[in-house]
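Below is one structure, written out as structure tokens; the observations come after it.
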């Protein structure tokens, strides 16, 4: 296990690369869902105000 | 008759419903493929005979770089369709791409920098491939800045679409930079004609990651596109239905 973590001496480069990429993947999923949730909430508010036309 | 599908893609309610239906078909495969690719890249692939375990960075670097180009081309094509056919949905799709593209361009640059530290002896070099990828980041950021600077949505759509279309000249420059100029960066080993320069055990996780990131992009685009469509739509009847689900 410690040999796996050691990455043949390249641990300081391999692990940050994977960590950064996976963080960016996770952030993208969170941002995309949050953007949709916000748009839905705004649309709901517009409907309640009756600002939209039928 | 043959163009019905194209006209239907211009209809916000239709595209919103289609995106909702398609989302799970991209979300789960993306998650499974990326997990499998990371495991294959870190555990199953043998170390490189020259680069040792450092080469494993390729499994996050190449998919991020592929993502940055795929997102840009998608954004430019959507922007062009929006400009030519004045299609609101196409502009919404282009606008959905920018933040995704910018973040994966940062991932490609940062992981490349970490890879270069040992292999090239430097984190950064003013090299054609690196500079053209950096310009790609500025194109994404410029596109986002331009959109947020213009209050009128239609004008923002048109101005930013023009920038996206013009900027597409940078895409072939990025791809061919390593062949046209003397670059530190290696030439393509997979994205080229003929057989890839890699044994199967190394290649398989990379292909899995590339497909996984492609699915991830479609998933992210579908989710963001639904939000963009809702934000632009002012007709209540179908929004009421769309929110009811």
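Protein chains in written order, with the working numbering: chain A, 69 to 122; chain B, 61 to 305.
Ideal Cβ positions, reconstructed from N, Cα and C, are used throughout, including at glycine.
_Chain-ordered chain B contacts of residue 98 of chain A [CB-CB under 9 Å]_ = Simply none; closest approach about 11 Å.
*Count the other C-beta atoms from every protein chain shown that fall within 10 angstroms of the C-beta of residue 134 of chain B, then say buried if there are 16 or more, exposed otherwise.*
buried
_Less than 8 Å between CB atoms is the rule here; does residue 94 of chain A satisfy it with respect to chain B?_
no
_Neighbouring residues, chain A, relative to residue 98 of chain B (Cβ below 8 Å)_ = 86 and 90
*asked:* I'd like the list of long-range same chain contacts for residue 141 of chain B, defined as Cβ closer than 8 Å, with 5 residues on each side in sequence excluded.
replied: 147 and 150
*In its own chain, which residues sit with a C-beta less than 7 Å from the C-beta of residue 279 of chain B, not counting the 5 before and 5 after it?*
83, 86, 87 and 90
*Quick one: using the 10 Å Cβ neighbour count with 16 as the cut-off for buried, is residue 131 of chain B buried or exposed?*
buried
*Excluding five sequence neighbours on each side, which residues of the same chain lie with their C-beta closer than 7 Å to the C-beta of residue 264 of chain B?*
100
*asked:* In whole angstroms, give me the CA-to-CA distance for residue 240 of chain B and residue 232 of chain B.
replied: 11 Å
*Find out if the Cβ-Cβ distance for the pair residue 249 of chain B, residue 243 of chain B is shorter than 8 Å.*
no
_Please report the distance separating the alpha-carbon of residue 252 of chain B from that of residue 165 of chain B._
21 Å
*With respect to the alpha helix (DSSP H) encompassing residue 135 of chain B, which residues constitute its N-terminal and C-terminal limits?*
118-145
*Name the residue from B/225, B/258, B/126 and B/219 whose alpha carbon lies nearest to the alpha carbon of residue 277 of chain B.*
B/126
*Using a beta-carbon distance below 8 Å, is residue 298 of chain B in contact with chain A?*
no
*Which of the three DSSP states, helix, strand or coil, is assigned to residue 100 of chain B?*
helix
*Going along the chain, which unbroken runs of the alpha helix (DSSP H) with 4 or more residues stay wholly within the stretch 165-232 of chain B?*
188-209 and 213-227
*asked:* I'd like to know if residue 148 of chain B contacts chain A, where contact means its C-beta is closer than 8 Å to some C-beta of that chain.
replied: no
*residue 124 of chain B versus chain A: which residues are under 8 Å apart at the beta carbon?*
89 and 92
_the stretch 103-114 of chain A: positions lying closer than 9 Å to chain B by Cβ_ = 103, 104, 105, 106, 107, 108, 110, 111, 112 and 114
*To the nearest whole angstrom, what separates the beta carbons of residue 105 of chain B and residue 262 of chain B, a pair I think is in contact under 8 Å?*
5 Å
*Could you check which residue in B/102, B/293 and B/138 has the C-alpha nearest to that of residue 76 of chain A?*
B/102
_DSSP three-state assignment for residue 257 of chain B, whether helix, strand or coil_ = coil
*asked:* Give me the residue from B/266, B/179 and B/230 with the minimum Cα distance to residue 128 of chain B.
replied: B/230
*Would residue 94 of chain A be called buried (16 or more neighbouring beta carbons within 10 Å of its own) or exposed?*
exposed
*C-alpha gap between residue 110 of chain B and residue 178 of chain B, whole angstroms*: 12 Å
*If you count every other CB in all the chains shown that lies within 10 Å of the CB of residue 161 of chain B, and 16 or more means buried, which is it?*
buried
*Taking only beta-carbon atoms, is residue 217 of chain B less than 8 Å away from chain A?*
no
_Between residue 113 of chain B and chain A, is the shortest Cβ-Cβ distance under 8 Å, so that the two count as touching?_
yes
*asked:* Taking 8 Å as the threshold (beta carbon to beta carbon), is residue 69 of chain B in contact with chain A?
replied: no
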